[in-house]
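K.L.:
If you read the protein sequences in the order shown, they are chains L and V.
Residue numbers for the first sequence follow the numbering used here, so the first one is 1 and each next one is one higher.
Residue numbers for the second sequence follow the numbering used here, so the first one is 1001 and each next one is one higher.
A virtual CB, placed ideally from N, CA and C, is assigned to each residue, including glycine.
Model, not experiment: these values are computed from the prediction.
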Amino acid sequence: MSSIAQKKGFGATIWDFMTTVDHKKIAILYLISGGFFFLVGGIEAMLIRIQLAKAGNDFLSAGTYNEIITMHGTTMIFLAAMPILLAFMNAIMPLQIGARDVAFPFLNSLGFWLFFFGGIFLNLSWFMGGAPDAGWTNYASLALASEGKGIDFYSLGLTISGFGTLIAGINFLVTIINMRAPGMTYMRMPLFTWTTFVASALILLAFPPLTVGLFFMVFDRMFDSNFFAVEMGGNTIIWEHLFWIFGHPEVYILILPAFGIFSEIFAIFSRKRLFGYTALVFATILIGFYGFMVWAHHMFTVGLGPTANAVFALATMIIAVPTGIKIFNWLLTIWGGNISFTVPMIYAVAFIPSFVAGGVTGVMQAIAPLDYQLHDSYFIVAHFHYVIVGGVVLAILAGTHLYWPKMFGTMLSEKLGKWTFWFFFIGFHLTFFIQHFLGLMGMPRRVYTFGADQGWDLFNAISSAGAVLMAIGIIILLVNVVMTTIKNERVGNDPWGDGRTLEWAIPSPPPFYNFAQTPLVRGLDTFWIEKMEGNKKGMIFAEPLGDIHMPNNSFIPFVISLGMFIASFGALYFLDDDKPWALPVLIIGLLITFGSMLVRSLKDDLGFHITKAELLEDAKGGKTDGH
Amino acid sequence: MDINQKYTPQSWPDHPETATMEGKNKFIGFWLLLAAETVTFASLFATYLALKDKGPSGMEFSAAGLFELPLVFAMTMILLTSSLTSVYAMYHMKNHNFKAMQAWLGITVLLGATFLGLEIYEFNHYVHLGFGFTNSAFSSAFYVLVGTHGAHVLFGLSWFIALMLRNAKRGLNMYNAPKFYLASLYWHFIDVVWVFIFTVVYLMGVIG
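Here it is in C-alpha cells:
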C-alpha cells in the first residue's frame, strides 16, 4: 500500500472515511458529526428562547416544548459536547505522547460508528412519532407515564452511543498507559493528555451505571418489567441514583478535557511553562476522584435524609478546592508571561471569570438547605449553563481555533474568530446571567410559558436577545470555516509559532503514520526544549528509520453499529400488536452485529508495513495525505 | 509479529499473552473492560438488594420461600470447577502444549454448558411456579441480575468455542495466544460474579 498522495474521487473519499481506522480521520468524523448535532441542539435552544421571549407565547405547544428541552439537553451533552471533545482527544492526544495511533484503531472506529448511529436513532424520533419529553434526566416517574415512543428512542439511542463512548474511553486509557514514546513519563505528559486520561477513567466507570439504568428503562417500557413500577414494588429513585452516579462524573468528563485545552492555550500563548504543573495534574486526579462521591447533591430534595444530604453537601464543597487550585495555576501561568491575544487565548482568558461564576453558584447549591429554595428553578439552569457553556463550549470553540491547523492544515481567520468570540461571549452572559435572577424570582425551569402578571417578561426577553447574539457568533464561525476551506492556505508544522508539545513538531496535518521515527522525550514541553536548543528537526529520535507496522482499514465497525441500529427498531416496536415484523427485525439486527463480531474474531487481521524506502520517498516528496 | 513463526516449548515465551505490543494492549484493555463490567454488576446487585422481596401487595413470593440451595450449590461447584479447568488450559498454553490446552478448554466448555443448562432449568422451574419476569419488582431484579450473568456465560462459551474451532488446525502462535488468555480471564470474572450471586442472592436469600 503506497503512502504517496493520490487524487481520489468523492465516492472513494466517503468509503475511506467509512472504513478508516486512522485516529486523525476518526477525529474529523467526530468533529463533523458533533458539530452537526451542536447545530441541531442550538436550533432547539433558539426555539426554546423564542417560545419564552414573551409572556403567554403560543409559538410552541406545551408538549412540543417538553420534547425540545429534552432533546436540547440530551443532544448537547451526549451528541455534541462529548463527541467534539473526543474529536480533539483523538486528533491530538496520540500526537502529544508520540504514538503512531491509538492502542485499538479498530475499536476507535467502532466507538465512533456506535455513537453516530445512536445519535441518528435518537434524532429519528422527531420523524417517527415524537421525541422524548421527560427531560434529559428522564426521571422514571415521568418517563414511564410518557406516551408514544419518544422515551424508547432515548433509552435505545443512548445505550448504543454509550457503548461507543465506553469503547473510546478504554481505548484512550490503554493508549496512554502503553503507547507513550520513550522518555514520555507520566509526569511529562502534556496536560491535555492528562485530562484525557482522567476523563477516560471517568467514562470507564460512569457509563456502566447509565447503561444499566437505560436497560431497566427499556425493560420496564418494552418488556413489562417492574423496576420503576411502584404499584408492583418498584422504586423510581433507583433511576435517579443510577442516572446521577453517571450524570455527575459526566460533567467532569466534559470539563476536564476543557481544562486540558485551556492549560495548553495558557502555556502556549503566555510563552511560559505551565505554573504548578504537578499541582494541576493532582488537582485533575482529585476532581476525577471526588466526581464519583457527589451524585446525590442532585437529589437533595428527594428526601434521602439529613445525614446523606450533609455528607454529599460536604463532598461537593470539597471539589471546589482542586478546581480553585487550577484557576490560580492558570492565572499564575499568565502572570509575567509574554502574552499574545490570539483567538484561543481570548477564549481562555474569558473562560476564567465565566467558569468561576458557574463554580460559585455550584457551591451555593451544595448548601443543602439553600438548594431546597433553588431546586428546579432557573437558578439551576443559569448555573449549569455557566459551567457547560462558560467552560466546555468556550473550550470547544478555543480548541477548534487552536487545533484546526493541526487537523486540517489551514488556519481559521483570526479576525472572524474575534467577531465570533465577542458575539458569543456577550450573548452568553446576556442569556444566562439574568436567569439567576429569574430563578431567585421564582421562575421554575421546564415551564413552557408564563403569565404577564408574574413579572418575568423583561428578563426573559433580554435572555432571548442574548441567545440571538450567540447564534450570530456561531454563524460567523461557520462562515469562517467555509472561507478558510475555500482559501486553503497551507500552514507548516507550528503555525502558532509557540507550540510546546510534540504535535507541533510534525506536519499539519501529520502523515498517516504520524512519526516516521518515534521521538525521544527529554522533558515536559518536549518540542519547546528542542526549539530552545536550536534543534531544527524539532525532536530527537528514539529509533533509526525502519519499517512501520500499520493497521488495515475495516468496514466491520460500520456493520456492527448498523446491526445495533436495525435491532433497535425491532426492540422499539416489540410490544405493538400490529407490527409482527418487529421481532424478526430485532433478531436480524442482532445477527448482523454478532455475526460481524464473529467475522472480526475469526478473520486474521495482521495489518501491513510501510517500508523504509516509502518513508524516505515521503520525506523527499514532502506531501502525504494518508492513503 | 510473524503469524507463521513456529515455536517449540523451549522458544515459546514465558508470558505469550503480553509478549507482543498487541498482546500488551489487549491485556490492559481487557482488565479495564472488567472494571467496567464490575461497575455494571455492582449496579445490578444494588438494584436487586433494593428490590428484594418487593412486589404488589399480597405477593406470594419471597427469596426465603423461593430459592432452594441444593441445585444452586451444584451449579456453583460446576462453575468453580470450570474455572479451575480453564486454569489448567492456560497452564498448557504457557507451556505451548496445544492439544492439552484444547482438551482442558473442551472440559471447561462442557462444565459451562452444564451450568447454563441447570440455570435454564432453574428459571423454567420458577416461571412454572408463577414467578415470571413481569411478576413483581423482585422478579424483574432477580432475572435481570442472574440473567445478565447467564448471558455472560453464554458469551464466554461462544468465545471459547469460536477460538477452539478457528485455531484447531494451526495451533498456538503469538497472534492467538492473547486471545485464549483473555477468554480465560473473562471466564474467571464470570466465576467471581457468580460467587457474589450465590452469596448475595441465594445464601442471603434463604436465611431471609
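(1) Do R271/L and D525/L have their C-beta atoms closer together than 8 Å?
(2) Scan the stretch 300-315 of chain L for residues whose Cβ lies nearer than 7 Å to a Cβ of chain V and list them as they occur along the chain.
(3) Under a three-way DSSP split, which group does S635/L fall into?
(4) Write down the C-beta distance between Y372/L and F300/L rounded to the nearest angstrom, noting that I regard them as a contact closer than 8 Å.
(5) Alpha carbons only, please: which of S1082/V, M1077/V, K1026/V and F1098/V is nearest the one belonging to H1188/V?
(6) M539/L lies in the beta strand (DSSP E); which residues open and close that run?
(7) Report the rounded CA-to-CA distance for L254/L versus K54/L, giving the unit in angstroms.
(8) What do you get for W335/L, buried or exposed, if any count of 16 or more other CB atoms within 10 angstroms of its CB means buried?
(9) Cutting at 6 Å between CB atoms, please list the residues of its own chain near T1114/V, excluding the five before and the five after it.
(10) Three-state secondary structure (DSSP) at S3/L?
(11) Can you list the residues of chain L that G1055/V reaches, using a CB-CB cut of under 7 Å?
(12) What distance in whole Å lies between the Cβ atoms of L47/L and I68/L, which are believed to be in contact at a cut-off of 8 Å?
(13) Here's the rule I'm using: 16 or more other beta-carbon atoms within 10 Å means buried, otherwise exposed. How should W581/L be labelled?
(14) Just the C-alpha distance for W419/L and V482/L, rounded to the nearest angstrom, thanks.
(15) In chain V, what lies closer than 7 Å to N553/L by C-beta?
(16) Please list, in chain order, all residues of the same chain as P1013/V whose beta carbon is under 7 Å from its beta carbon, the five residues on each side excluded.
(17) Write down every uninterrupted run of the beta strand (DSSP E) in the stretch 117-154 of chain L whose length is 3 residues or greater and which is fully enclosed by it, in chain order.
(18) State the CB to CB distance for the pair L416/L and V349/L, rounded to an integer number of angstroms; the pair is presumed to be in contact (CB under 8 Å).
(19) In whole angstroms, what is the alpha-carbon distance linking K1054/V and T70/L?
(20) As an exercise, report each continuous alpha helix (DSSP H) stretch of at least 4 residues that is fully enclosed by the stretch 493-547 of chain L, in chain order.
(21) Output, in sequence order along the chain, the residues in the stretch 1022-1033 of chain V whose CB is closer than 7 Å to any CB in chain L.
(22) Chain V beta carbons: is any one of them nearer than 8 Å to that of D224/L?
(23) Can you tell me which of the three DSSP states F608/L falls into?
(24) State the DSSP-derived secondary structure class of H549/L, mapped to helix, strand or coil.
(25) Touching or not, the stretch 382-395 of chain L and the stretch 357-370 of chain L, by the rule of three or more beta carbon pairs under 8 Å?
(26) Alpha carbon to alpha carbon, how far is L545/L from T518/L?
(27) Against chain L, does A1019/V count as a neighbour if the rule is that its beta carbon must be under 8 Å from one of theirs?
(28) I need the boundaries of the alpha helix (DSSP H) containing E489/L, first residue and last residue.
(29) Rounding to the nearest angstrom, what Cα-Cα distance links L1084/V and S1184/V in this structure?
(30) At least one CB of chain C closer than 8 Å to the CB of L575/L: is that the case?
(31) Touching or not, the stretch 1140-1153 of chain V and the stretch 1084-1093 of chain V, by the rule of three or more beta carbon pairs under 8 Å?
(32) Given this structure, state the Cα-to-Cα distance separating M18/L from A315/L, to the nearest angstrom.
(33) For T1081/V, which three-state DSSP category applies?
(34) Is it a yes or a no for the stretch 1172-1182 of chain V touching the stretch 1042-1056 of chain V, going by three-plus beta-carbon pairs under 8 Å?
(35) Residues of chain V with CB closer than 7 Å to the CB of I170/L, please, in chain order.
P.N.:
Answer, in terms of the structure:
(1) no
(2) Of all residues in the stretch 300-315 of chain L, none has a Cβ within less than 7 Å of some Cβ in chain V.
(3) A question about residue 635/L goes unanswered here, because the residues of chain L that appear run from 1 up to 627.
(4) With a Cβ gap of about 7 Å, Y372/L and F300/L count as contacting.
(5) S1082/V
(6) Note, M539/L: premise wrong, no beta strand (DSSP E); not H, not E.
(7) When the Cα atoms are used, L254/L and K54/L turn out to be separated by approximately 33 Å.
(8) exposed
(9) I1078
(10) Because S3/L carries a pLDDT of 43, less than 50, the predicted location of this residue cannot be relied on, and the following value inherits that uncertainty. Residue state, collapsed to three classes: coil.
(11) M232 and G233
(12) Confirmed, Cβ separation roughly 5 Å.
(13) exposed
(14) 15 Å
(15) None at all; the shortest Cβ gap to chain V is about 17 Å.
(16) A1019
(17) The stretch 117-154 of chain L contains no whole beta strand (DSSP E) run of 3 or more residues.
(18) Not really, about 19 Å apart at Cβ, beyond 8 Å.
(19) Straight through space, the alpha carbons of T70/L and K1054/V are spaced by roughly 31 Å.
(20) 526-532
(21) K1024, N1025, I1028, G1029, L1032 and L1033
(22) yes
(23) strand
(24) strand
(25) yes
(26) 9 Å
(27) no
(28) For E489/L, no alpha helix (DSSP H) encloses it, and the DSSP letter there is neither H nor E.
(29) 10 Å
(30) Among the protein chains of the structure shown, namely L and V, there is no chain C.
(31) no
(32) 45 Å
(33) helix
(34) Three or more beta-carbon pairs separated by less than 8 Å are not found between the stretch 1172-1182 of chain V and the stretch 1042-1056 of chain V, which leaves the two stretches without contact.
(35) G1029, L1032 and L1033
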